[in-house]
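The numbering of the sequence shown is this note's numbering, which starts it at 48 and goes up by one. Glycine included, every Cβ here is placed at the ideal spot set by N, Cα and C. Here is the structure we will look at, set down as C-alpha cells.
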Amino acid sequence: MGVPALIVAAGSGQRLGAGGPKALVELSGRPLYAWSVDAFRRATRIDRIFVAVPPGQAGQFEEPGIITVEGGETRSHSVANGLAAITADGDPGMVVVHDAARPLVSPALIDAAVIGLDSDPELHALIAAAPMTDTVKRLGEDGIVVETLDRSELVSVQTPQVFRIPNLQAAIAAGDLSAATDDASLVEAVGGSVGVIESPSGNIKVTVPADLELAALLLERSR
Ligand code: C5P
C-alpha cells in the first residue's frame, strides 16, 4: 500500500519578495510547488498528494490530482491541518512531509526515505539531511563567537521527512508549534528516535531570489 504525501506550501514567501505566496512563484514556466508535486507523482511509494495552501487561495493551486488543505499560521500548524485531513478516514501508517520550497527533490530520495523508515522498527521518523560543508560557530548574546562546533557531528536538515503517523500526531499535540522549524524537532522533543538519510547536493531550498536562479539552472541540467 502507498503512503500519503503532505507538501507544505502555505508560507507567505516574504524573503523571496514576490508579492504573493512563494509556492506560486514561477520557476522554469511552472509554479514552484508543481515541481515537488511532479516528483511525488513519480515516486512509486506515494499514493496521494495533499498540499497545504495559504488560506483562501486553494483555487490557485491547479495541479491535477492534488488534495488541497488550508494551511495554518506557522509551518507546523500547516502540517497539523494536513495531518488531520490525511487521517480523517483512518491512519495510513506513515506520511511524507515535504517543503514546496524544495523543487528539486527526487523520486528516488522520496522512495528511499519511505522504505528506510518502513524497514527500521526502531525509528519514529527518517529525515533527509546533507553533511555540513561550512564550519558552524555558536555566538553569545554579544555576537561574539563562543565555540566552533565539530562539523563531523552535524548535518543540515532538509525535507522529505517521513513519520509514523501516531508519533507525529503525539508530537504535534505536545509541541510548541510556533517555534518549530521542522517537524522532526517536535518528534525529538517527545523522545522520538529520528534517523537521517543523506540527500543529494541538489535538493536546495528556495528562500531568496538567487535561489530561484540556481533552481532553474539545476532543473535545466536534470532534464
Ligand atoms: O518559510 P520557510 O521557507 O521555512 O517554509 C518552509 C515551508 O513551509 C515552505 O514550503 C512554506 O510554504 C511552508 N509553510 C507553510 N505554512 C506556513 C509557513 C510555511 O506551509 N504557515
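Decide yes or no for the touch test of the region 51 to 71 against the region 89 to 99: beta carbon pairs closer than 8 angstroms, at least 3 of them. Enough Cβ pairs lie closer than 8 angstroms, so yes.
I want to check one thing, is the minimum distance from the CB of THR136 to the heavy atoms of ligand 1 below 6 angstroms? In the sequence as displayed, the identity of residue 136 is Asp instead of Thr. Outside the cutoff, so no.
Where ILE114 falls: helix, strand or coil (DSSP): strand
Using the rule of at least 16 other Cβ atoms within 10 Å of the residue's Cβ for burial, across every protein chain shown, is LEU261 buried or exposed? Flag for LEU261 reads exposed.
Are HIS145 and LEU224 close, meaning C-beta to C-beta below 7 angstroms? Cβ atoms of HIS145 and LEU224: not closer than 7 angstroms.
Span separating the alpha-carbon of ARG198 from that of ARG77: 37 angstroms
What runs of the beta strand (DSSP E), each 3 residues or longer, lie entirely inside the region 206 to 262? For the region 206 to 262, whole beta strand (DSSP E) runs of length 3 or above, ordered along the chain, are 241 to 245.
So, is GLY118 buried or exposed, given that buried needs 16 or more other C-beta atoms within 10 angstroms? buried
Consider the C-beta atom of ASP146 and the heavy atoms of ligand 1; say whether any pair is separated by less than 6 angstroms. Shortest gap from the CB of ASP146 to any heavy atom of ligand 1: under 6 angstroms.
With HIS124 as the anchor, note down where its beta strand (DSSP E) starts and where it stops. First-last for HIS124: 122 to 133, but that is the alpha helix (DSSP H), not the beta strand (DSSP E).
Would SER248 be called buried (16 or more neighbouring beta carbons within 10 Å of its own) or exposed? exposed
Count the other CB atoms, across all protein chains shown, that sit within 10 Å of the CB of LYS184; report buried if there are 16 or more and exposed otherwise. exposed
Assign THR268 to one of three DSSP states: helix, strand, or coil. Looking at the sequence provided, one finds Arg at residue 268 rather than Thr. In this structure, ARG268 counts as helix in the three-state DSSP scheme.
Quick check on the burial criterion: 16 or more other C-beta atoms within 10 angstroms. Buried or exposed for ALA160? buried
Segment limits, beta strand (DSSP E) that includes ASP146: 141 to 146
May I ask you to report which of helix, strand or coil DSSP gives ILE54? It is a strand residue.
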